[in-house]
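Chemist: Sharing a structure with you now.
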Amino acid sequence: MKNMWINTFSGYVRVKVEGTYPELFINRCGERKIMIWDIRQAGEKTYICSVLLDDVKRLRPVCREAGCKIRFLERHGAPFVIRKMLIRTGFVTGAAVFIAIMFMLANMVWNVEIEGASPAVEHEIRQKVDELGIKTGQLQFRLPPPEIIQQQISDQIPAATWIGVTVRGTTYHFQVVEKELAEKEPAQAPGHLVADRKAVIKRLFVEDGSAVVQANDVVEKGDLLVAGLIGKEGKQQRVPAKGEVFGEIWYKAQVTVPLEQKFQAVTGETHTAHKLNIGNWTVPFWGFGTHDFKSQKHESHVREFNIMGYRLPFTYTKETNRETNASERAFTKEEAVTEALEKGRVEVLEQFSSKAEISGEKVLHEEQVNGKVIVTIHYRVIDDIARKQPIIQGD
Amino acid sequence: MKKMRRWVKQWMTERMELPADVMMNLPRITMVGHLHIYIENHRGVLRFSRDEMRLRLDDGQLLIRGSGFVIKTILPEEILLEGKIISVQYVFENETGRG
Numbered sequence: 000m001k002n003m004w005i006n007t008f009s010g011y012v013r014v015k016v017e018g019t020y021p022e023l024f025i026n027r028c029g030e031r032k033i034m035i036w037d038i039r040q041a042g043e044k045t046y047i048c049s050v051l052l053d054d055v056k057r058l059r060p061v062c063r064e065a066g067c068k069i070r071f072l073e074r075h076g077a078p079f080v081i082r083k084m085l086i087r088t089g090f091v092t093g094a095a096v097f098i099a100i101m102f103m104l105a106n107m108v109w110n111v112e113i114e115g116a117s118p119a120v121e122h123e124i125r126q127k128v129d130e131l132g133i134k135t136g137q138l139q140f141r142l143p144p145p146e147i148i149q150q151q152i153s154d155q156i157p158a159a160t161w162i163g164v165t166v167r168g169t170t171y172h173f174q175v176v177e178k179e180l181a182e183k184e185p186a187q188a189p190g191h192l193v194a195d196r197k198a199v200i201k202r203l204f205v206e207d208g209s210a211v212v213q214a215n216d217v218v219e220k221g222d223l224l225v226a227g228l229i230g231k232e233g234k235q236q237r238v239p240a241k242g243e244v245f246g247e248i249w250y251k252a253q254v255t256v257p258l259e260q261k262f263q264a265v266t267g268e269t270h271t272a273h274k275l276n277i278g279n280w281t282v283p284f285w286g287f288g289t290h291d292f293k294s295q296k297h298e299s300h301v302r303e304f305n306i307m308g309y310r311l312p313f314t315y316t317k318e319t320n321r322e323t324n325a326s327e328r329a330f331t332k333e334e335a336v337t338e339a340l341e342k343g344r345v346e347v348l349e350q351f352s353s354k355a356e357i358s359g360e361k362v363l364h365e366e367q368v369n370g371k372v373i374v375t376i377h378y379r380v381i382d383d384i385a386r387k388q389p390i391i392q393g394d
Numbered sequence: 000m001k002k003m004r005r006w007v008k009q010w011m012t013e014r015m016e017l018p019a020d021v022m023m024n025l026p027r028i029t030m031v032g033h034l035h036i037y038i039e040n041h042r043g044v045l046r047f048s049r050d051e052m053r054l055r056l057d058d059g060q061l062l063i064r065g066s067g068f069v070i071k072t073i074l075p076e077e078i079l080l081e082g083k084i085i086s087v088q089y090v091f092e093n094e095t096g097r098g
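From first to last, the protein sequence lines stand for chains H and S. Quick note, the first sequence lines up with residues 0 to 394 if you use numbering that gives the first Met the number 0. Quick note, the second sequence lines up with residues 0 to 98 if you use numbering that gives the first Met the number 0.
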């Protein structure tokens, strides 16, 4: 038995067969493999049956052979529906417009939700979000993807530690984690402050404990800076020493600067192409032709479409080619040394804490090798050298 | 000679436990209550009306009586009949007194 439902696709007709011996018609159809079904008696010598649309042409010789007359009664199936639709264009365009509107509405922003923010921060975020164009009625595919929105918003709101952006249907959802005030430091065990490297003390600021060193003292690694003991001899009390001790550290760095440097700069010349991808198919609909620049930076953004929470099988791609210009810059030796000093400063400060500062620098040596200038620089860096050391019981 | 061949076939089906419908080209009839009747291995429709259906078989006819008959599907060797089935009867053409 075949599934008759499939026949609605290819289309079928109801046929009235009339003849002296209509059974012969059924048998002939069977012999010629013409599919007929739903045969019922309509009169003394008449049957009504269904025939596939493709078999109708082959029906005529069978009728002649069986001595039957046929009349078509009803038409069913997709081919007839399509023909009717082509005649009634108004109906079809109406349906198409409906789907288009439906699609537009489903891809609009209907709501912006902000969760977890205090009213002030929420207001601020709402303003920034509005500036980005995320407001009711905006089409989603004209907005940057959530990851980029997240980046932009996070950069603009310093009061929030983290902002998560998700798109749930037609709602943009912002989850905000606000910066919390630093927690109170837990009570610390009594301890000293000791030097963590060799340095010359420049200045010190003691909050708690008693200072052992003075400015301009030279300390080795592990030397006691601030003792965690206060009070008179014999009646000493143990406290956690707290404070900042800034010492001058000598640091030698070697910086290499090439005499010729290559730059990639965007010239401003761009070409944008808009494409629609359906499965593995790509249909460009705006910005045709290949505009390949001699040197270029390629960017592409892919957007997906959703309708009622389902992902549609096509995506939209925006491709941007930016022309870039490669340029070279040549340094003189003096310029290279200045450049090296600047580069060195940044590199050196990275090695130290955020409180560090450079108090002096001196070029010790410079040499030119293979189109590069190697500069050895001596830095004097002032940084906090204090490190906590607990007082060991019974010490 | 023909009788001989038939005898051999019948003997084989009985001895070797082969399905009879395959060996001897007999119709296989499946009925679902009184609603459907499905016949394989028929040789054509002799008569079909609202309340009677006669099918030709290799050795006779199959007579189905009932009411509101509709042929749901018909293929060269298969037929599915729908309606209220009252009786299914075998009619032998040349031999009598068997069945």
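Note that CB positions come from ideal geometry on N, CA and C, so glycine has one too.
If you measure from the beta carbon of Y89 of chain S to each beta carbon in chain H, is any gap under 8 angstroms?
Modeler: No, Y89 of chain S lies away from the interface with chain H (no Cβ there is under 8 angstroms from its Cβ).
Chemist: Three or more C-beta pairs under 8 angstroms: does that hold for the stretch 222-238 of chain H against the stretch 339-359 of chain H?
Modeler: no
Chemist: Please identify the residue among S:T72, S:L17, S:P18 and S:S86 whose C-alpha is closest to the C-alpha of I38 of chain H.
Modeler: Checked all of S:T72, S:L17, S:P18 and S:S86; the closest Cα to I38 of chain H is S:T72.
Chemist: CB-CB under 8 angstroms to D20 of chain S, same chain, minus the five flanking residues each way: which ones, in chain order?
Modeler: When the five nearest sequence neighbours on each side are left out, the beta carbons in the same chain lying within less than 8 angstroms of the beta carbon of D20 of chain S are those of P26, R27, E39 and N40, in order along the chain.
Chemist: So, are the CB atoms of G18 of chain H and C67 of chain H less than 8 angstroms apart?
Modeler: yes
Chemist: Report the rounded CA-to-CA distance for G98 of chain S versus Q88 of chain S, giving the unit in angstroms.
Modeler: Because G98 of chain S carries a pLDDT of 39, less than 50, the predicted location of this residue cannot be relied on, and the following value inherits that uncertainty. Straight-line Cα distance between these residues: approximately 11 angstroms.
Chemist: Enumerate in chain order the residues of its own chain whose CB-to-CB distance from K285 of chain H is below 6 angstroms, with the five nearest sequence positions on each side excluded.
Modeler: For the record, residue 285 of chain H in the displayed sequence is Trp; it is not Lys. Cβ contact annotation for W285 of chain H (same chain, cutoff 6 angstroms, sequence separation greater than five): H273, in chain order.
Chemist: Might you give, ordered along the chain, the residues of its own chain that have their beta carbon closer than 6 angstroms to the beta carbon of A119 of chain H, omitting 5 neighbours on each side?
Modeler: none
Chemist: Taking DSSP as the reference, what is the three-state secondary structure of G82 of chain S?
Modeler: strand
Chemist: Here's the rule I'm using: 16 or more other beta-carbon atoms within 10 Å means buried, otherwise exposed. How should N26 of chain H be labelled?
Modeler: buried
Chemist: Start and end of the alpha helix (DSSP H) containing P21 of chain H?
Modeler: P21 to E30
Chemist: Within a Cβ cutoff of 8 angstroms, which residues of the same chain sit near K342 of chain H, ignoring the five residues on either side of it in sequence?
Modeler: V254 and V256
Chemist: Thinking just about the alpha-carbon of each residue, which of H:E268, H:H300, H:F204 and H:N305 is nearest to the one in S294 of chain H?
Modeler: H:E268
Chemist: Taking beta-carbon pairs under 9 angstroms, can you tell me which members of the stretch 33-53 of chain H lie near chain S?
Modeler: M34, I35, W36, D37, I38, R39, Q40, E43, Y46 and C48
Chemist: Answer with buried or exposed for I5 of chain H, where buried requires no fewer than 16 other C-beta atoms within 10 angstroms of its C-beta.
Modeler: exposed
Chemist: In its own chain, which residues sit with a C-beta less than 6 angstroms from the C-beta of E92 of chain S, not counting the 5 before and 5 after it?
Modeler: So the qualifying residues of the chain are G59.
Chemist: At a CB distance below 7 angstroms, what residues from the stretch 46-72 of chain S approach chain H? Give them in sequence order.
Modeler: R46, F47, S48, R49, V69, I70, K71 and T72
Chemist: Could you tell me which chain H residues have their CB closer than 9 angstroms to the CB of G32 of chain S, listed as they occur along the chain?
Modeler: The premise fails here: G32 of chain S is roughly 17 angstroms from chain H at the closest Cβ pair, so nothing lies under 9 angstroms.
Chemist: Could you say which of H:E232, H:S299, H:I148 and H:V374 lies nearest to R344 of chain H if we only look at CA atoms?
Modeler: Ranking the options by Cα distance to R344 of chain H, first place goes to H:V374.
Chemist: Counting only beta-carbon atoms, is G18 of chain H nearer than 8 angstroms to chain S?
Modeler: Not a single C-beta of chain S is nearer than 8 angstroms to the C-beta of G18 of chain H.
Chemist: Under three-state DSSP, which class holds R49 of chain S?
Modeler: coil
Chemist: Beta-carbon separation of G163 of chain H and Q150 of chain H under 8 angstroms?
Modeler: no
Chemist: Are the C-beta of E22 of chain H and some C-beta of chain S separated by less than 8 angstroms?
Modeler: yes
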